[in-house]
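Colleague: I have a structure I would like to understand better, so I am pasting it below and will then ask my questions one at a time.
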Amino acid sequence: MTEHVIMKSKMAIAASLLMGVLYEIAFFHGKIGISYLLFVSVFYLVFFTLNRKKLFTHKRMGMLILFCIWCLSLGYFLYTNPVFYGLNLLLIPALMISHIVLISRESRIEWQHWSFIGVVIGKIFGSIAFSACSVRKLSQYMKSNVHHRSYKVLAKIIAGLLISIPILVLVTTLLSSADEKFSEIIKMMPNTFGDFNIVEYGFRTVIAFGFAFILFGFLHVIHQKSSLEQLSAKTDNMFSIDAIISLIVLFSINGMYLLFIFVQFKYFFSGTLQSDYTYAEYARRGFFELVFVTIVNLTLLNTILSFTVYRKSLLKYLLKGLLSLLVVSSGIILCSAFLRLSLYEDAYGYTFLRMAVHAFMVFLFIVFAYTLTRVWIDRLSLMRFYIITGLLFYSIMNMINIESIVVSKNIERFESTGKIDLQYLSQTDEGIEAMIQLYQKSPNDPQLKKILSEKKQAVINSEQPWQSYNIQSERTKKQLTSLRLK
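Under full-length UniProt numbering, read the sequence shown as residues 1 to 486, first letter to last.
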């Protein structure tokens, strides 16, 4: 048994070091492209190899999360959307950690409860604590098996290096500032060793070992049960709301919404506006406030449905009626926001943010439709539906390439109105491809020629590592290099 544990620990150490090196190579050598997909592939290959004899739980939800992880990491290889690029840097690791914690438990976890987030965070801190404990035990083992005098000498050498390195950096910086000749010698030192830079490679080594340090602990603690996991199954009855309180809240809010909807039908849906505003100006006013109000309504619906206690059947059906009215009111408010945004796009053009908000509102329509069903069918779970549809919605958003839709919509608007925002188009690869097509049709546009010339020169002068390889970016680069500007 002991030999088996030792062998397992050795494999975990080797796997952690391998993933630490790959982590540094994938994410710290320029813009991320295909390297994210490669890292995720190798990570799961290593994880399932180490745990090939384990029985995994929550397989259906685990497969869904794994599918979403693949979609998001594949986006770095296929597209160049800057918004998803930044969001997914944080979201993919969060999904990977949550996925592994979920499927690695021998007992079931109520993943739809908020306490599951606490379980995941606990595993992260537990990983650091486990690795630190392992390092301490290794130090004690070395101390007991190495000659005491040799151990003390080794400890002093390490301590001396740790103290001297920051002092050397500070002193070297000051001396370089004081003497120009000395500064030139210091700058030439890395060239003496070719491309080897001690500071850079030292930093990269720290990153690799730091990731390996945390991963080693994580691979061990995921199979340990915590008190938070037991708490996750006991959160249903910790809080309750009296039905009368819910009724008063719903009566007051629904009354305000009915008044607002009356105004909307009078000024907006009927096609007659206040004389002071054009359609575009009216669409601009209060759009985000309406979307925010809709999200507040959704939160209120979820809270009342989850925590309200019914003592009388009359109160129950009255409450369900008011909840249904709130859902319908929210749907009408959402329609108002949808129409406002459509008018605004017609006046000012299309952007990624506006198209994404459009898609988000469609998602909210689906959520409200399910919530209305849940009002009358008590056994349905809201949080499960919200999480599953949210993951699928976001993954689909990553896969459909919204930037391409935005560009085609702006080109259609340009052909009908003659208006186009070239500066916005130049920010994305899809936009640059569209600008190349526009230039081939009308090569005499000076602004278009100037932007394409700058982009072409930037592509010629740039060199990207293999980690940054991206299909969309590579296609745009080829079109720019072959473009002949007159």
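Virtual Cβ for every residue (Gly too), placed ideally from N, Cα, C.
Within a Cβ cutoff of 8 Å, which residues of the same chain sit near arginine 108, ignoring the five residues on either side of it in sequence?
Modeller: Locating residue 108 in the sequence shown gives position 108, counting from the first residue. Cβ within range, chain order: Thr57, His58.
Colleague: Serine 416: buried (16+ other C-beta within 10 angstroms of its C-beta) or exposed?
Modeller: The count along the sequence shown starts at 1 and reaches residue 416 at position 416. Exposed: under 16 other Cβ atoms inside 10 Å.
Colleague: In the DSSP assignment, the alpha helix (DSSP H) including valine 439 goes from what residue to what residue?
Modeller: Taking the first residue of the sequence shown as 1, we reach residue 439 at position 439. Correcting the residue identity first, residue 439 is tyrosine in this sequence and not valine. Where tyrosine 439 is concerned, the enclosing alpha helix (DSSP H) stretches over 429-441.
Colleague: Cα separation between tyrosine 370 and threonine 389?
Modeller: Here residue 370 refers to the residue found at position 370 of the sequence shown. Here residue 389 refers to the residue found at position 389 of the sequence shown. Computed Cα separation, rounded: 11 Å.
Colleague: Based on Cα-Cα distance, which residue from Asn297, Leu161, Ile32 lies nearest to isoleucine 253?
Modeller: Numbered from 1 along the sequence shown, position 253 holds the residue referred to as residue 253. Comparing Cα positions, the closest option is Asn297.
Colleague: If we ignore side chains and look at the alpha-carbon of each, how far apart do glutamate 463 and tryptophan 70 end up?
Modeller: Sequence index remark: in the sequence shown, residue 463 carries index 463 (1-based). Sequence index remark: in the sequence shown, residue 70 carries index 70 (1-based). Distance between the alpha carbons of glutamate 463 and tryptophan 70: 27 Å.
Colleague: Which first and last residues belong to the alpha helix (DSSP H) in which tyrosine 85 is found?
Modeller: Taking the first residue of the sequence shown as 1, we reach residue 85 at position 85. Element bounds for tyrosine 85: 82-104.
Colleague: Taking leucine 66 and alanine 15 to be in contact with their CB atoms under 8 Å, please state how far apart those CB atoms are, rounded to whole angstroms.
Modeller: One-based indexing of the sequence shown puts residue 66 at position 66. One-based indexing of the sequence shown puts residue 15 at position 15. Actually they do not touch by this definition, with Cβ atoms about 19 Å apart.
Colleague: Between which residues of its own chain and threonine 235 is the CB-CB distance below 7 Å, once the five residues before and five after are set aside?
Modeller: Numbered from its first residue, the sequence shown carries residue 235 at position 235. Any answer about threonine 235 is weak, because its pLDDT of 49 lies below 50 and its placement is not dependable; what the coordinates show is given next. Counting only Cβ-Cβ distances below 7 Å, and skipping sequence neighbours, we find His113, Ser115.
Colleague: When the distance is taken between beta carbons, is leucine 334 closer than 7 Å to leucine 364?
Modeller: Along the sequence shown, one-based indexing puts residue 364 at 364. Along the sequence shown, one-based indexing puts residue 334 at 334. In contact: leucine 364 and leucine 334 (Cβ atoms closer than 7 Å).
Colleague: Leaving out five residues on either side along the sequence, give the residues of the same chain with a beta carbon under 8 Å from the beta carbon of lysine 320.
Modeller: Locating residue 320 in the sequence shown gives position 320, where the first residue counts as 1. Same-chain partners within the cutoff: Val375, Trp376.
Colleague: Counting only the same chain and skipping the five closest in sequence on each side, list residues whose C-beta sits under 7 Å from that of glycine 271.
Modeller: Here the question's residue 271 lines up with position 271 in the sequence shown. Its pLDDT being 49, under 50, glycine 271 is placed unreliably in this model, and the coordinates cannot settle the point.
Colleague: Whole angstroms is fine: what's the gap from isoleucine 420's alpha carbon to valine 357's?
Modeller: In the sequence shown, the residue the question calls residue 420 occupies position 420. In the sequence shown, the residue the question calls residue 357 occupies position 357. If I take the Cα positions, the gap works out to 21 Å.
Colleague: Is threonine 351 helix, strand or coil when you go by DSSP?
Modeller: For this step, residue 351 is matched to residue 351 along the sequence shown. It is coil, neither helix nor strand.
Colleague: Where does residue 501 sit, in a helix, a strand or coil, going by DSSP?
Modeller: In this structure the chain extends from 1 to 486, so residue 501 is not present and cannot be described.
Colleague: Near leucine 247, which residues of its chain fall below 8 Å by C-beta distance, leaving aside the five closest residues on each side in sequence?
Modeller: What you label residue 247 is simply residue 247 of the sequence shown in a count that begins at 1. Contacts found: Leu315, Leu318, Leu319, Leu322.
Colleague: List the whole-angstrom C-beta distance separating threonine 361 from isoleucine 405, where the pair is believed to meet the contact cut-off of C-beta under 8 Å.
Modeller: As a first step, residue 361 is located in the sequence shown; it is residue number 361 there, counting from the start. As a first step, residue 405 is located in the sequence shown; it is residue number 405 there, counting from the start. Going by the sequence as given, residue 361 is methionine instead of threonine. The pair is not a contact, with the Cβ atoms about 15 Å apart (cut-off 8 Å).
Colleague: Where do the ends of the alpha helix (DSSP H) carrying threonine 389 lie?
Modeller: Indexing the sequence shown from 1 puts residue 389 at position 389. 382-399 is the span of the alpha helix (DSSP H), which, as asked, contains threonine 389.
Colleague: Which same chain residues end up closer than 7 Å to residue 508 when comparing Cβ atoms and leaving out the 5 residues on each side of it in sequence?
Modeller: Past the boundaries of the shown model lies residue 508; the chain is included only from 1 to 486, so the question cannot be answered.
Colleague: For glutamate 345, count the other beta carbons within 10 Å of its own beta carbon; 16 or more makes it buried, fewer makes it exposed. Which is it?
Modeller: Taking the sequence shown and counting its residues from 1, one reaches residue 345 at position 345. With 16 or more other Cβ atoms within 10 Å, it is buried.
Colleague: Roughly how many angstroms lie between the CA atoms of serine 395 and leucine 438, to the nearest whole one?
Modeller: Numbered from 1 along the sequence shown, position 395 holds the residue referred to as residue 395. Numbered from 1 along the sequence shown, position 438 holds the residue referred to as residue 438. Rounded to the nearest angstrom, the two C-alpha atoms are 32 Å apart.
Colleague: Counting only the same chain and skipping the five closest in sequence on each side, list residues whose C-beta sits under 7 Å from that of residue 504.
Modeller: The shown model of the chain, from 1 to 486, leaves out residue 504, and the question about it has no answer.
Colleague: In this structure, does DSSP put isoleucine 109 in helix, strand or coil?
Modeller: Here residue 109 corresponds to residue number 109 of the sequence shown, with the count starting at 1. Coil, per DSSP.
Colleague: Quick check on the DSSP output: the alpha helix (DSSP H) that includes glutamine 423 runs from which residue to which?
Modeller: Numbered from 1 along the sequence shown, position 423 holds the residue referred to as residue 423. Where glutamine 423 is concerned, the enclosing alpha helix (DSSP H) stretches over 422-425.
Colleague: Could you check which residue in Gly20, Lys123, Gln457 has the C-alpha nearest to that of arginine 204?
Modeller: Your numbering for residue 204 matches position 204 in the sequence shown. Comparing Cα positions, the closest option is Gly20.
Colleague: Leucine 353: buried (16+ other C-beta within 10 angstroms of its C-beta) or exposed?
Modeller: The residue given as residue 353 occupies position 353 in the sequence shown. Burial call: exposed.
Colleague: DSSP three-state label for phenylalanine 57, please.
Modeller: Within the sequence shown, the letter at position 57 stands for residue 57. Looking at the sequence provided, one finds threonine at residue 57 rather than phenylalanine. Coil, per DSSP.
Colleague: Thinking C-beta only, is glutamine 467 closer than 7 Å to aspartate 429?
Modeller: Numbered from its first residue, the sequence shown carries residue 429 at position 429. Numbered from its first residue, the sequence shown carries residue 467 at position 467. It is not a contact, given that the beta carbons lie outside the stated cut-off.
Colleague: Does the beta-carbon of valine 327 have 16 or more other beta-carbons within 10 angstroms, so that it is buried, or is it exposed?
Modeller: The sequence position of residue 327 within the sequence shown is 327, counting from 1. When all chains shown are included, valine 327 counts as buried.
Colleague: Helix, strand or coil: which one does DSSP assign to isoleucine 241?
Modeller: On the sequence shown, position 241 is the one that residue 241 refers to. Three-state DSSP puts isoleucine 241 in a strand.
Colleague: Measure the alpha-carbon distance for isoleucine 92 versus leucine 72 and round it to whole angstroms.
Modeller: Counted from its first residue, the sequence shown places residue 92 at position 92. Counted from its first residue, the sequence shown places residue 72 at position 72. Computed Cα separation, rounded: 7 Å.
Colleague: Which residues mark the beginning and the end of the alpha helix (DSSP H) in which phenylalanine 48 is found?
Modeller: Within the sequence shown, numbered from 1, the residue matching residue 48 stands at position 48. Unbroken alpha helix (DSSP H) run through phenylalanine 48: 34-50.
Colleague: Cutting at 7 Å between CB atoms, please list the residues of its own chain near methionine 383, excluding the five before and the five after it.
Modeller: For the purposes of this step, residue 383 is taken as residue 383 along the sequence shown, with counting starting at 1. If we look at methionine 383 and ignore the five residues flanking it on each side, its Cβ neighbours are Gln112.
Colleague: Go through its chain and collect everything with a Cβ distance to threonine 481's Cβ below 8 Å, but skip five positions before and after it.
Modeller: Translated into the one-based positions of the sequence shown, residue 481 becomes position 481. Answer for threonine 481: Lys456, Val459, Ile460, listed in chain order.
Colleague: Which runs of the alpha helix (DSSP H) at least 4 residues long sit entirely within the region 305-372? Give them in chain order.
Modeller: Correct list: 313-348.
Colleague: Could you check what DSSP says for histidine 223 in three-state terms: helix, strand or coil?
Modeller: Here residue 223 is taken as the residue at index 223 of the sequence shown, counted from 1. It is coil, neither helix nor strand.
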